[in-house]
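Q: FYI, in mature numbering (1 follows the signal peptide of the UniProt record, and there is no 0) the residues of the sequence shown are -21 to -1, 1 to 290. This is the structure I have questions about; it appears just below.
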Amino acid sequence: MRMKRVAAVAMMASLALSAAACGKEGEPTPSAGGSASGAAQSDTCKSSGATFTPKTDAAIAGSPTFEKIKTAGKVSVGVKFDQPNLGYKDAQGKRCGFDIEIAQYVASTLGIDPAKIEYKEIASANRETAIKGGEVDYYVGTYSITDKRKNDISFAGPYFVAGQDLLVRKDESSITGKDTLKGKKVCSATGSTPIQKVRDEGLTEPNNIVEFKTYSECVSQLLDKKVDAVTTDDAILKGYAAQSPSELKVVGQPFSTEKYGIGLPKDDKALRDYVNNQIEASFGNGTWQKIYDGTLGLSGSAGTPPTLERY
């Protein structure tokens, strides 16, 4: 089972590299999750069961992005594809996960049927460029809100708060938190906030920092014993641990606070205010909770809506 898993992830990584020229990150890794008993589940995507009925009276005065969406009759959304229970694409090409359903909810509030979403797989390092260049109308994909990023784009949210943690092999006993990473090879996605934190805080030596285009490539390296830990937000890591519960575990000692926002064009304040209102509405009417319980909540970790900060 392990060899099949590694081979599949390696194939995904190869596809990601060959597709990079057209802006795609490649194909998904197998298995969308796991069970408490450790048995792997099917790769097939499953919905939380939340329904997203397009608003018939959606209107945002002064928003050029909304006018573009309204004219096109569709919306382009930047997403991840290889993050189980967050942003995932199964072998049949169906998408699922917490971020995917948040993106679908937002589309419905803009008057767009989620079936008309044009998903674009944008790597972490290219997100601001895609938003600024109009390649996507908004981005939903474990996108941490930072002051640096707010120089280029704007955010609605946060719609979720995570914490940076470590994914290690099941038999790993020497890595118990961020202060035990010296001399260990640590992997994360190029351009991500987590790998920058490892670098800035000197958690391991520069030559032990390993970066790949996607987190799934890091997980493949971890399974192959080429790196010692994968670091990113705990929500993402729990998804991977659930895929391979007999081989991987999350250390469980978060060392940051990562506020996820919906990335939007910088100067479209009307759109940002509108999306903030819709996110807040989802907190109060149970939509957020239903999405969470049917996606990230399958990991066994309870979740509640964060406080909206209206950047």
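Beta carbons: idealized from backbone N, C-alpha and C, even for Gly.
1. With a threshold of 16 other CB atoms inside 10 Å of the CB of E237, please say whether the residue is buried or exposed.
2. Looking at the unbroken alpha helix (DSSP H) that takes in R106, where does it start and where does it end?
3. Answer yes or no: do Y138 and P285 have a C-beta to C-beta separation smaller than 9 Å?
4. Going along the chain, which residues of its own chain have a beta-carbon closer than 8 Å to the beta-carbon of K269, five neighbours each way excluded?
5. Which residues mark the beginning and the end of the alpha helix (DSSP H) in which Y84 is found?
6. Jot down the residue ranges of each uninterrupted alpha helix (DSSP H) in the segment 21 to 69, minimum 4 residues, whole runs only, in chain order.
7. Since Y290 is in the beta strand (DSSP E), which residue starts that stretch and which ends it?
8. Output the distance between the C-alpha atoms of Y67 and G162, rounded to the nearest integer angstrom.
9. So, with DSSP's three-state summary, where would you put T210?
10. Can you have a look at A86 and say buried or exposed, based on whether 16 or more other CB atoms are within 10 angstroms of its CB?
11. Applying the 10 Å Cβ sphere with the 16-neighbour rule, what's the burial state of P173?
12. So which of K228, T274, T32 and K53 has the shortest CA-CA distance to K149?
13. Below 8 Å, how does it come out for the segment 112 to 128 and the segment 179 to 190: are there three or more Cβ pairs, yes or no?
14. Taking 6 Å as the limit between beta carbons, can you name the residues of its chain near Q200, skipping five residues before and five after?
15. Classify Y117 as helix, strand or coil using the three-state DSSP reduction.
16. What are the partner residues of L145, as DSSP defines its beta bridges?
17. Looking at the strands, I want to know which residues DSSP matches up with R74.
18. Along the chain, where does the alpha helix (DSSP H) that runs through P285 open and close?
19. Could I get the ranges of all uninterrupted alpha helix (DSSP H) runs contained in the segment 171 to 201, with 4 residues as the minimum, in chain order?
20. Along the beta strand (DSSP E) that carries residue 291, what are the first and last residues, could you check?
A: This is what the structure holds:
1. buried
2. R106 to K111
3. yes
4. S27, G28 and A29
5. F77 to T88
6. 43 to 51
7. The continuous stretches of beta strand (DSSP E) do not include Y290, and DSSP gives it neither H nor E.
8. Looking at the backbone, the Cα of Y67 and that of G162 are separated by about 33 Å.
9. strand
10. Its Cβ being crowded by 16 or more others within 10 Å, A86 is buried.
11. buried
12. K228
13. no
14. C166 and V206
15. Y117: strand per DSSP, three-state reduction.
16. Beta-bridge pairing links L145 to T210.
17. Looking at the DSSP assignment, R74 forms a beta bridge with K68.
18. Unbroken run through P285: none, as it is neither H nor E.
19. 172 to 179
20. Lying outside -21 to 290, the shown extent of the chain, residue 291 is not represented and no answer is given.
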